[in-house]
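Start counting the sequence shown at 733; every next residue gets the next number (my numbering).
Virtual Cβ for every residue (Gly too), placed ideally from N, Cα, C.
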Amino acid sequence: MIRNGGCLCGEISYRITGDIRGIINCFCSQCRKTSGHYVAAVRCTLDQLEIMKRKTLTWYRSSEIAQRGFCNQCGSSLFWKPYQGDTISIMAGTLDPPTHVESIQNIFVEDRSDYHELPSLHPEI
């Protein structure tokens, strides 16, 4: 399967080929601060991801373990990439529909804000 996506202004576009992990909903404080809400992200290996347009792609070292990729023109948050390993997480909202993915796990739920309700998981775990 091929999935396409990109940022709001269109200056960053990407293609993912093959199977991807279902959506992980992360409620950690970093994800909340970078997205304005919790982050819903899929994951693939680096060799599955082709960034076709990257003119405005900027990387920010957000912690000792990872960096975040965003568009420096429209502000869209697109990627979370650990420094170790061969995977990358892609913000699910940047995928073009139909995505054919579902939420499979909620993480860092103890860090969620007081207005968050936990998303339903498929399959329930």
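The beta carbons of S852 and I755 sit no closer together than 7 Å. Fully contained in the region 756–786 are the following beta strand (DSSP E) runs of length 3 or more, in chain order: 771–777, 781–786. Boundaries cannot be given for C739, as no beta strand (DSSP E) includes it and DSSP labels it neither H nor E. The beta carbons of I748 and K785 sit no closer together than 7 Å. When the Cα atoms are used, S821 and D846 turn out to be separated by approximately 26 Å. Burial is judged here by how many other beta carbons sit within 10 angstroms of a residue's own beta carbon; W812 has at least 16 and is buried.
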